[in-house]
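Quick notes on the structure that follows.
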């Protein structure tokens with residue numbers, strides 16, 4: 006939801022419920038993890054100036 010609001014992008018959460026405990030992740034899981042990490046960083050960069058103004 007934050008990704009859609011702050012970045013204007015909707016990320017599929019289909020892989021979120023996949024088997025992450027496997028010894029080896031499949032390509033879709035790797036792509037999901039990379040995209041999720043990227044989105045988390047971008048959201049933090051967007052929110053940081055707002056947070057700093059409140060300090």
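Residue numbers (my numbering): 6 to 60. Yeah, the Cβ is synthetic: ideal placement off N, Cα and C, and Gly gets one too.
Residue i: CB within 7 Å of a non-hydrogen atom of the ligand SAH
i, result
"residue 39", "The ligand SAH is not part of this structure, which contains no ligands at all."
Cβ neighbours of residue i in the same chain (closer than 6 Å, five flanking residues each side left out)
i, result
"residue 8", "14, 16, 44"
"residue 20", "33, 34, 37"
"residue 41", "none"
Other residues of its chain near residue i: CB distance less than 8 Å, five sequence neighbours each side excluded
i, result
"residue 54", "none"
"residue 11", "47, 48, 51, 52"
Of all the beta strand (DSSP E) runs that stay within the bounds of the stretch 25-56, which reach a length of 3 or more residues?
-> none
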